[in-house]
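Presented below is the structure to which this report refers.
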């Protein structure tokens, strides 16, 4: 078996070597770099898509949050209104009840006053009558004579009238 | 998630994986088989070029198909199946373990290229990776006992010529006159030196790489032979088999192999790739080219 020289130059071998390098370059480019690059581009696309969707979801969530906050605020206001309404109603009701009660109480008191006044008048009349009776009797006894009953009555009545006036006036 | 994994890693997927790995290793095994079949029994110390399997008659010069060509092809086939294996089952959402490695490697080569060459040469990443892989794997073939194609001047010379063509192509981007003018810079009387250095670039690149790998194997052979001699001198008086057994050849050549086969091979691959990037990008007049493009765009507008 022959061996070539340690240092030998052969044009065809050089050309083969150049072709070998170019072939390996093409193999690496087509079967290693291109698929990896495609895969990386695909991954980049996926990442971009995910980021985009995340951003959109974030935006939607923010909008929802705003909406709910507004709603919550409205609900607060509504609740306050309802409470206010209820308070006012209750106030009105209680006022009504109170005034009714007062009216009733006043009525009762007035009734009592008028009753008392009536009683007093009754009593006065009774007392007057009694006194007239008694004084007539007394003066009959004292004078031992029949005085003109009508005169007498007039006399006593005017006296009691005076008495009653002064009594009334003292009151 | 679990279901996805189950459907992705079914038996068919695994069968294809195994097939690709076998196809990846098969070329190397084939190379070793060829070596065993065609290499005659050891003839002692021998420093020679690649073995010629057969010769094809071509114009100008007959073309011998040697170990360096065959081994280069084996490396290319192996790398092809490696690529298929690495990109098999790749997915954007559920990366496999090997996918992480591939992504890391590709990111690294891209970064290396864009750091050394600038953004204009971003598409050079696969080319630089091809140079590195072909050179490194060719040199590493010595680990399985095969002839490294990088210790053949024709192989590395071909790469250097390709790089030279690329350098010149990018220098021509601003026109022929600009290319000629670049030789007279910085001073006119340096023109001959500039021309010499222009042609010295591929020569130095080729000889640096080739010389390093070849000298590694030459030194390995010489040291192994010397150790054999030394061993027979020291232990030669021992009786029987013990006397002829080269004790000193145990271990010591392995240390040299770590340096010459692994370290030197990887280093030369890296240096060749770095020089390729630097020569191409430094020879390219990027600013002038951008100005030319701008002028062209303006002319097209008006």
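Residue numbers (the working numbering), protein chains in the order written: chain X, 1 to 171; chain Z, 1001 to 1302.
Each residue gets a CB set at the ideal place from its N, CA and C atoms; glycine is no exception.
Being a predicted model, the structure only gives us computed values, none of them experimental.
Buried versus exposed call for residue i [16 or more other C-beta atoms within 10 Å across all chains shown]
i                       : result
residue 1233 of chain Z : exposed
residue 72 of chain X   : exposed
residue 1072 of chain Z : buried
residue 1067 of chain Z : buried
residue 1160 of chain Z : buried
residue 1280 of chain Z : buried
residue 41 of chain X   : exposed
residue 129 of chain X  : exposed
residue 101 of chain X  : exposed
residue 1283 of chain Z : buried
residue 1297 of chain Z : exposed
residue 1094 of chain Z : exposed
residue 1169 of chain Z : exposed
residue 62 of chain X   : exposed
residue 1075 of chain Z : buried
residue 1238 of chain Z : exposed
residue 1216 of chain Z : buried
residue 1058 of chain Z : exposed
residue 113 of chain X  : exposed
residue 162 of chain X  : exposed
residue 1186 of chain Z : exposed
residue 1108 of chain Z : exposed
Straight-line Cα distance separating residue j from residue i
i                       : j                       : result
residue 1028 of chain Z : residue 1268 of chain Z : 22 Å
residue 1084 of chain Z : residue 1025 of chain Z : 13 Å
residue 1032 of chain Z : residue 1174 of chain Z : 49 Å
residue 1101 of chain Z : residue 1081 of chain Z : 16 Å
residue 1088 of chain Z : residue 1011 of chain Z : 14 Å
residue 19 of chain X   : residue 25 of chain X   : 10 Å
residue 1171 of chain Z : residue 1178 of chain Z : 8 Å
residue 1260 of chain Z : residue 1300 of chain Z : 57 Å
residue 1121 of chain Z : residue 1113 of chain Z : 7 Å
residue 1103 of chain Z : residue 1145 of chain Z : 31 Å
residue 1278 of chain Z : residue 1289 of chain Z : 18 Å
residue 1262 of chain Z : residue 37 of chain X   : 31 Å
residue 1176 of chain Z : residue 1189 of chain Z : 20 Å
residue 105 of chain X  : residue 117 of chain X  : 18 Å
residue 1092 of chain Z : residue 1180 of chain Z : 49 Å
Assumed close pair residue i, residue j - CB separation to whole angstroms, cut-off 8 Å
i                       : j                       : result
residue 1218 of chain Z : residue 1047 of chain Z : 6 Å
residue 1253 of chain Z : residue 1220 of chain Z : 6 Å
residue 3 of chain X    : residue 1050 of chain Z : 7 Å
residue 1034 of chain Z : residue 1070 of chain Z : 7 Å
residue 1127 of chain Z : residue 1117 of chain Z : That pair is no contact at about 11 Å.
residue 156 of chain X  : residue 136 of chain X  : 7 Å
residue 1151 of chain Z : residue 1213 of chain Z : 4 Å
residue 1131 of chain Z : residue 28 of chain X   : So it is not a contact: roughly 10 Å between Cβ atoms.
Cutoff 8 Å: residue i Cβ touching any chain Z Cβ
i                     : result
residue 4 of chain X  : yes
residue 11 of chain X : yes
residue 68 of chain X : no
residue 51 of chain X : no
residue 43 of chain X : yes
residue 82 of chain X : no
residue 72 of chain X : no
residue 29 of chain X : yes
residue 64 of chain X : no
6 Å CB neighbourhood of residue i in its chain, flanking five on each side removed
i                       : result
residue 1163 of chain Z : 1276
residue 1062 of chain Z : 1055
residue 9 of chain X    : none
residue 110 of chain X  : none
Neighbour flag for residue i against chain X, beta carbons, 8 Å
i                       : result
residue 1050 of chain Z : yes
residue 1047 of chain Z : yes
residue 1196 of chain Z : no
residue 1126 of chain Z : yes
residue 1155 of chain Z : yes
residue 1069 of chain Z : yes
residue 1159 of chain Z : yes
residue 1106 of chain Z : yes
residue 1276 of chain Z : no
residue 1129 of chain Z : yes
residue 1083 of chain Z : yes
residue 1185 of chain Z : no
residue 1136 of chain Z : no
Beta-carbon proximity list for residue i, same chain, < 7 Å, skipping 5 on both sides
i                       : result
residue 170 of chain X  : Confidence at residue 170 of chain X is low in this model, with a pLDDT of 47, below 50, so its placement is unreliable and the value that follows should be read with caution. Hits under 7 Å: none found.
residue 1266 of chain Z : 1136
residue 1078 of chain Z : 1024, 1027, 1028
residue 1258 of chain Z : none
Sequence-distant residues of its chain with Cβ nearer than 8 Å to residue i (five each side left out)
i                       : result
residue 1202 of chain Z : 1157, 1160, 1161, 1163, 1164
residue 1198 of chain Z : 1183
residue 1246 of chain Z : 1227, 1228, 1231, 1232
residue 6 of chain X    : none
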